Structure formats: C-alpha cells, structure tokens
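Enquirer: One structure coming up, written as structure tokens, with questions to follow.
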Amino acid sequence: MKKYTDTGKKDTRSGFGVGLLKAGQADSRVVALTADLKGSLKMDAFAAEFPERFIQCGIAEANMVGAAAGLALTGKIPFIGSFAEFVTGRVYDQVRQEVSYGKTNVKIASSHAGITLGEDGATHQTMEDIALMRALPEMVVINPCDFNQTAQATIAAAKYVGPVYLRFGRPSVPNFTDPDEPFVIGKAIVMNEGSDVTLIATGHTVWESLQAAEALEAEGIKAEVIDIATIKPLDEEAILKSAKKTGCVVVAEEHNMAGGLGEAVAGLFARALPTPVEFVNGADKFGQSGTPSALMAAYGIDAAHIAEAAKKAVARK
Amino acid sequence: MKKSVEELKTISTQIRRDILRMVCKANSGHPGGSMSSTDILTALYFNEMNQNPATWTREGKGQDMFILSAGHMTPVYYSTLARAGYFPVEELGTFRQMGSRLQGHPSIRKALPGIFQASGSLGQGLSAAAGAALGKKLDKDNNFVYCLCGDGESEEGQIWEAGMFAVFHKLDNLIAMTDWNGKQIDGPVAEVAGEGDLAEKWTAWGWNVITAEGHDFESILKAFELAKAGKGSGKPTMILFKTEMGHGVDFMAGTHKWHGSVPKPEQLEDALKQLGETPLGDF
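As structure tokens, then:
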C-alpha cells in the first residue's frame, strides 16, 4: 500500500490563493472578485500584485455574481470568492441565470465549505452546496483534497473554458499530494490500490480514507482509495473499474446525503453495476459550533467511521 | 448611420406592430412594457449605439453593448434587433415557438445574434452590465455599456447593489435606463410596492441622473447626449424615461392589464389600424 506523508498541515483555501496568483501571472485575463472576504479567501497576494484586476464588491454577493458574468462577457476570466453558503445557496438564482444558463466563463471559488468551517456554526456550514451545483446543467464541480491539489485545481479551472464550482475549506489539514502534479478536470485519482473494498472520497475525506485504509490493512482488508476531485463530470469509468474489482464501495464526503457524491455514485451503480454501497456523510442534518475535528467525529465523517462503513460494505458482498 | 427623428417614428411604429403581431401569433408574451420602451430601444439601436450587426460578437469588443435587464420585454428587443439587421425579420414569426432562437426570455444558448446575456429573472442585468463596463475599462475600450431596467424591476435589492458597485468603481461608461411606466403585473407601482421617487433615490446613490420623456425622440436623444457627456465624471448615468405602458394603442395605454396579456383577434385588428401601416412592412 502506498504511504502518503503529511508534509505539514495547510488549509486548502491557501492553496487556492497560491493557485489564483499563479493563474493570474500566467494569464492577464484572470480577475478576482470578493464580497468583503479578501483575507478569508487568501486573495491578498493576487490583490497586491494585480490591484486593477482585484475587484472588491462589498457585502453584496448577488451583484458580485452578475458583475463577474459581465466581466466574463468582455473576455475576462473572473474568480468570485466567498464562503460556500454565500456563493451557492444565497445566490443560487444568480449563479443559475448569469453563470450557468448564461454560459459565462466564471469560476466560483467556494471556501469554508462543509462542517469543518467549525465554530461559526450551522448558518455558515453548508452541507448542501455540492447538490445545488451538481444540479446545474454543465456545471463543473471540483472539490480538491489538500493544499497542493487545490492550487493545481485553481490553475486548471482558469484554463478550462466554462463555469466551474471550486470547493475548498477553512481548517489546516494534512498536505500530502504531489505539488507538481497537474490537475486534470474530470479524472479520478487512484490513491491506493486494493482488492476488497473501494473507498471513494472527495475533499477532506480523502486523507480520512487513506487513514481508514491503513487501519483496515492491519485487519487484513485491502482497500482501494479513489480521490474524486472532480465530482462533475464524474469519472464513471474509473469508479466502475474499481467496483468490478472490489465488489463493494464506501462513499465519504463532507456533505449531506441529498444530492452529494454518494447519490451520484449510487445512481451510477443503479444504471451500470449494482454494487453494495455504504455512505459516510452528514446525513440529513444541520451542523453546529465546534472544532473541525470534533464535528467530523460527531457527524460521523472521519477515518474511524469510514473504516466501520468499509467492514459493513465487505459483509454485504 | 443615424436615423432622423421622422425615420425613428416610422421604425417605432413598425416595431409596435411587430410586438402585437408576435404576441398574438405566440398567444403569449409581454406587450405592455415592450410598447412603453419601444421608442427608447428604437433611438438606441437606430441612432445612439455604436453597434454593427455585421461585426457583432458576444464579447462586444470595440462596440457598445446592451443588456436588457427586464428580460420579459423580448417582443420589443427581438423586433428592434431584427429591424436593425441582426437576423431576418421573418424570424419574428417564430417567437416563443418550440425550437425558435427567439425564446420567451433572452437566451444565449440559441446563438441569436445581438444577445449578450440571458435575462428574465429580474434585477440581475444591471450587475452584468456593470461588470461588462468594468471589463471595458480594464481593456481601455472607450465604448459604452447600456442597460434597460423596469421600474417594477427596481424593487429587486440587487439593482441597488449594482448601483453601489457602479459608483464605487467609477463606471462612467455605464448608461442605465429605467422604463419608468409606473406599472407592474399586479397594478400601479405606487400601489404594489411604492418605490417612491426614483430620481431622488438614484441621485442619493451617487449616480448622474437624467429624466426624459420616453415617447419624445428629441427628449430621448438629448438624454443620451447628456449621458455620454458624463464620461470622465467618474459617475455612472441613470436615465429615467417617463413612459406609458401599452403606448400607442388607446385601449392598451396606461394600464398594467397588458403587462403579460395578449389582444384578441379583433383587438389586434383595431390596434394595428390605430398604429397604421409603414413602408417597412410586417414580418
């Protein structure tokens, strides 16, 4: 089993900040907009290097989405940044009309996603954003797993022509992927090969799944771990290939059940390859205040719960 | 090639005929607001805007851009574009029909020339226009971005967000217009939401505000002239056009009842007679 080393905890939003700066250096069409969250979105370096291309919108997210669409009309590549809840739920109609239906080249940078936003509590912890964005025709939905991958995904999003939803988080988490590995939109990444069960993960749950795989190995269960960094379009071929080999699957995500990666994978299996699936997610609940790790444990989205789910999946084969 | 006021009158009469014939053929659509903003759009496309159907692209580089924020006014928008040469006039007969490029509300997905952005969910077009104006500034493109809003539409909070944004970013290349007809679906604006004096509000918001008569071409053209003179002031311009819903046909004028209703065949005949025929001919 391939071992991954945490090279030092970093937040994925800082990966976005690094990626945004690089994308801006590579292409003068890249502009960045925020609704009073420049620091939280780690846009400071971009704003300092490209003051004219950094556009402060104030606390007015709806207008920010529309203004980004207008900038895209003139050929710019706008990244709009705010908390996940405020660039999805708060402005769903604006994203639908101006970005998705309007087919404008806007990149939605969605930070503080999921329950690991932590102490601010449920008002800010969206566990529904993947569902909302997946539902929009043609929307690309990316949820990278660590700092390095988020930086690369940001660069890839800038190069891709069309609307992209790029989801990342607030807390410092292990940084373990290759910093020089270019991000390929729509491609699943097999992190570990195994033969007994497939652990499908996205975002923060990739590291948790790798930890679970190590624990399972000690019990004689060989788990394959797949990083679904792009939730839409889903790499169906990679998922089916692995499921054919292992015969059972766990889908882990920092998101609720409704409309998440779990349902996307379950839908695939229903169509193409009936397979036992166990789900590790936030179920059908709102979050609450707490530390990120305490919340992940309390809501059952950590390595221990993934390992438990894997055993259940294996037993159902 | 700028049209004279006499020519503009002829074109606007033909566009009003088109509007009524389109909605009657489709048996749906929004004639009321279309007829209140006909003279504004006629002046815009046939005299005011730097636009050219032959070289039009969605990026709008080197040309003026126009975004219809009040997206339901597609009858007037499509007729104006067709009469200006963006697509064949005959295509107006496909309005709202299955497979048509002339969707109920503007769509960019049918590749209809002249349409910069989808609209219809109210309150959003001004933001896109402001973004496009900022894009033109970044590109050092000296052309203008125009945007038409409804007064009912201005009840949407996002209009005022966009208003703040445009002032903060000094978008003096943005010329917004309000079709101030005082009516919305449920009745007079004053009785539905009472948004008050738009001139005072936009002035307080920091905009260069011009009030004009929206059915008087001399007044409309003068307003555009004043608006363009605002370039360099650092302020966006709002032209409040006083208009009448359903203007041009006696039984449709001045009432909200024709916002989204279609005349019966005998009413259409009466309306077309009132408007009179033009040398341009019907589609």
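Here the protein sequences line up with chains Y and E, keeping their order.
For the first sequence, the positions run 1268 to 1584 when my numbering is used.
For the second sequence, the positions run 5 to 287 when my numbering is used.
Ideal Cβ positions, reconstructed from N, Cα and C, are used throughout, including at glycine.
Treat the numbers as computed from the prediction; the structure is a model and nothing was measured.
#1: So, E/Gly167 versus E/Leu126, is the Cβ gap smaller than 9 Å?
#2: What is the rounded straight-line gap between the Cα of E/His165 and the Cα of E/Val171?
#3: How far does the alpha helix (DSSP H) with Y/Asn1330 in it reach, from first residue to last?
#4: If we define contact as Cβ-Cβ less than 9 Å, is E/Leu130 a contact residue for chain Y?
#5: Which residues of chain Y have a Cβ atom closer than 8 Å to the Cβ of E/Gln278, listed in chain order?
#6: Which term fits E/Gln101, buried or exposed, when burial requires 16 or more other beta carbons within 10 angstroms of its beta carbon?
#7: With 9 Å set as the bound, which would you pick, yes or no: does the beta-carbon of Y/Ile1375 sit closer than that to a beta-carbon of chain E?
#8: Could you run through the segment 99 to 124 of chain E and flag, in chain order, every residue whose CB is less than 8 Å away from some CB of chain Y?
#9: List the residues of chain E that Y/Lys1343 touches, going by C-beta distances under 8 Å, in chain order.
#10: Apart from the five residues just before and just after E/Phe228, which ones in its own chain have a Cβ nearer than 6 Å to its Cβ?
#11: Just the Cα atoms here: how many angstroms apart are Y/Ile1488 and Y/Ala1479?
#12: Does the CB of E/His2 have a neighbour CB from chain Y at under 9 Å?
#13: Just to confirm, is the Cβ distance from Y/Asn1548 to Y/Gly1534 under 9 Å?
#14: Taking 8 Å as the cut-off, is the C-beta of E/Ala134 nearer than that to any heavy atom in the ligand SAM?
#15: Where do the N-terminal and C-terminal ends of the alpha helix (DSSP H) with E/Ala257 fall, by residue?
#16: Taking Cβ-Cβ distances shorter than 8 Å, what residues in chain E pair up with Y/Gly1291?
#17: Give me the Cβ distance between Y/Ser1307 and Y/Ser1378, rounded to the nearest whole Å; I'm assuming they're in contact under 8 Å.
#18: Given this structure, state the Cα-to-Cα distance separating Y/Asn1442 from Y/Thr1274, to the nearest angstrom.
#19: Does the beta carbon of E/Gly156 sit closer than 9 Å to a beta carbon anywhere in chain Y?
#20: Could you pull out every residue in the same chain whose Cβ sits closer than 8 Å to the Cβ of Y/Thr1558, ignoring the five residues on either side in sequence?
#21: Determine, for Y/Leu1403, whether the minimum Cβ-Cβ distance to residues of chain E falls below 9 Å.
#22: Within the 9 Å Cβ cut-off, does E/Phe169 reach chain Y?
#23: Tell whether a beta-carbon distance below 9 Å holds between Y/Val1532 and Y/Val1516.
#24: Should E/Arg20 be flagged as near chain Y, meaning a C-beta pair shorter than 9 Å?
#25: Using a Cβ distance threshold of 8 Å, determine whether the segment 1425 to 1441 of chain Y contacts the segment 1404 to 1414 of chain Y, with at least three qualifying pairs required.
#26: Within a Cβ cutoff of 6 Å, which residues of the same chain sit near E/Val213, ignoring the five residues on either side of it in sequence?
#27: Looking at the structure shown, is Y/Glu1448 part of a helix, part of a strand, or coil, going by DSSP?
#28: On the criterion of 16 or more Cβ atoms from any shown chain inside 10 Å, does Y/Ala1293 qualify as buried, or is it exposed?
#29: Give a yes or no on whether 9 Å exceeds the smallest Cβ distance from E/Ala208 to chain Y.
#30: Hey, E/Ala136 and Y/Thr1465: beta-carbon distance below 9 Å or not?
#31: In the DSSP assignment, what are the bridge partners of E/Met69?
#32: Given that Y/Ala1299 touches chain E, what residues does it touch there, using C-beta distances under 8 Å?
#33: To the nearest angstrom, report how far apart E/Lys174 and E/Ala134 are at their CA atoms.
#34: Could you tell me which chain E residues have their CB closer than 8 Å to the CB of Y/Ile1322, listed as they occur along the chain?
#35: Below 7 Å on C-beta distance, what does Y/Tyr1566 contact in chain E?
#36: How would you write the range of the alpha helix (DSSP H) that Y/Leu1399 sits in, first residue to last?
Expert: Per the coordinate set shown:
#1: no
#2: Checking the sequence shown, residue 165 of chain E turns out to be Glu, not His. Cα to Cα, the separation comes out at about 10 Å.
#3: 1328 to 1340
#4: yes
#5: Correct list: empty, because the minimum Cβ distance to chain Y is about 36 Å.
#6: exposed
#7: no
#8: Ser111, Ile112, Arg113, Phe120, Gln121, Ala122, Ser123, Gly124
#9: Gly139, Leu142
#10: Glu52
#11: 10 Å
#12: Given that chain E is displayed from residue 5 to residue 287, the structure contains no residue 2 of chain E and the question cannot be resolved.
#13: no
#14: In the structure on display, the ligand SAM does not appear, and there are no ligands present to speak of.
#15: Note, E/Ala257: premise wrong, no alpha helix (DSSP H); not H, not E.
#16: Per Cβ cutoff of 8 Å: no residues; Y/Gly1291 is ~13 Å from chain E at best.
#17: 6 Å
#18: 6 Å
#19: no
#20: Gly1385, Glu1386
#21: no
#22: yes
#23: yes
#24: no
#25: yes
#26: Ala203, Trp206, Thr207, Met242
#27: coil
#28: exposed
#29: no
#30: no
#31: E/Val149
#32: Here the premise fails: no neighbours, minimum Cβ distance about 12 Å.
#33: 10 Å
#34: Leu138, His173
#35: None at all; the shortest Cβ gap to chain E is about 34 Å.
#36: 1396 to 1401
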